Every structure is written in C-alpha cells, then in structure tokens.
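*Asks:* Read in order, the letters of the sequence shown are residues 1 to 229 in the working numbering.
Where is the CB? At the ideal position from N, CA and C, for every residue including glycine.
The structure displayed is predicted, hence computed values, not measured ones.
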Amino acid sequence: MQSRCRLAGYSTPCTQHWPRHPHSDIIRSPSQRTSRRPPTGRGSHPATPTRPTLVQRQRRCPGRGQARRCGLQVPVTITVNGQRYERQVEPRLLLVHFLREVIGLTGTKVGCDTSQCGSCTVLVDGVSMKSCTALAVQADGADVTTIEGLANGSEMHPLQDAYWEKHGLQCGFCTPGMIMASHELLRTNPNPTDEQIRHGLEGNMCRCTGYQNIVRAVRHAAGTQAGER
C-alpha cells in the first residue's frame, strides 16, 4: 500500500487516501485474528425465504374452480371427432398431448415435437394443423378431427382405402398425419396433379416409401371421390 501511495504522489500517511480493506478487522496476526465462522446452534440464522413448492401451491388450490386463479390448470372444451370433451389442463399442454394422453386418441403420432415431420397433423375447424405447434388452450371451443374420426363406422375413408390399395405406407408411423394432410389437399384442390400433390404434402415426412406410392394413393383417392360426386 505504501508503494501505491508513493506512485500516486502522496506525502501524507497512506491510510488517509486509501480505504481500509473491508475485512481488515479480521486480517490480523494469528494471535489477534478473530474467527469468521458463524455461531453454531439452532436459531443462529434466520430462515432463508424460498418459493412455494408445486405441492404447496396445489394445497392452496384444492378446488377445481380455483385452478384458473392459481395458474395450475385451466378449463377447456374441445370437440374431437364429434364428441365434446371438457377437461382441466395445464396451460403449457400441447394439443397433440391432449389428444393422446388426456382423451386417449393415440392415432395422432408424435414424431419430432418441432413441427418438422407432420406426423401429428390433425384438422382444426376443417383446416390441417400440426398439433405439436398449438396449445390445447388455443383449441378451446374448436372442432378437431383426428385420424380416428375419418372413417364412417366400419367403412374406411376413401383416403384410407387408397393408401391401403396403393401401398402408400410401410412402417405406418407417418401415415395418420399424411392422410390428414392429404384430406386438406383434396379439400382445397379436388383434382391435383402429381406435382401439386408433392407440393401439398411437402410438410410431411416419410422415411420409408420414397413418396411415389403416396402420390399414387392421393391421386387414386381423388379419382374415387370424384366418382362419388
């Protein structure tokens, strides 16, 4: 410290210009040094405040009517395949997990959770949507159709028949989403060309078929539906 004072040009004692070390009262000789260890024993320190745990928050919200205020769950009403479902869900719950885990419709697949593969495609108010990109609360009041809702009882939808007849699947994991995306394609373009089919399904990935049979299946379904009209 004295050298620092000389470099700064001070002629008076150094302690007048430089602040004391914040712990100078404990930096002493071994015989003078005081212990920094806090006193032991219960009650020597105040309790550190902590956030309430999830269990504690749940105890504060015993009733379902208080769920919205507590922020744990919110009520949603979603019509799926013609059936109305009223459930309490976490605000962060994805629509795909609502369909699979809450109401048990596992035909909708989870392939990536990043909206890349299209395996989770469903129809929301008649428009195709990747259900991993939407929250269940965003579908509150909506009409959702999944792969389970396309068939008419024991009679398969023309698209389902076409994928079967033209071998538009192998492992079948992507097939539900591919069929739902094909449904949207034929709704907006009932007689698409092969190029338009490929463009319409470019958001859905298949790792097995090479897509050629999928294109054939959609073309076949388009012809079948045209004949029905």
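1) Any idea what DSSP makes of M129, helix, strand or coil?
2) Starting from the C-beta of T79, find all residues in its chain whose C-beta is less than 8 Å away, skip the five residues before and the five after it, and write them out in chain order.
3) In angstroms with no decimal places, state the Cα-to-Cα distance between G177 and Q73.
4) Going by the CB atoms, is the gap between K166 and C213 shorter than 7 Å?
5) Who are Y211's beta bridge partners in DSSP?
6) Express the C-alpha separation of R198 and D113 in angstroms, rounding to a whole number.
7) Look up T145 in the DSSP assignment and say whether it is helix, strand or coil.
8) DSSP state of T79, grouped into three classes?
9) Give me the Cα-Cα distance between L105 and V96, rounded to the nearest whole angstrom.
10) Given V124, which residues of its chain have a CB within under 7 Å of its CB, disregarding the five upstream and five downstream residues?
11) On a Cα-Cα basis, can you pick out the residue from C132, V215 and M129 that is closest to L169?
*Replies:* In terms of the structure at hand:
1) M129 carries a strand assignment under DSSP once its states are collapsed to helix, strand and coil.
2) Result list for T79: Y85, A142, D143 and V144, in chain order.
3) C-alpha separation (whole angstroms): 29 Å.
4) According to the sequence as given, residue 213 is Asn; it is not Cys. Cβ distance < 7 Å, so N213 and K166 count as in contact.
5) Note: Y211 sits in no beta bridge, so no partner.
6) 23 Å
7) strand
8) strand
9) 9 Å
10) The beta carbon of V124 lies closer than 7 Å to those of A139, A142 and V144 in the same chain, with the five residues before and after it left out.
11) Distances from the CA of L169 to each of C132, V215 and M129 were compared; the closest alpha carbon is that of V215.
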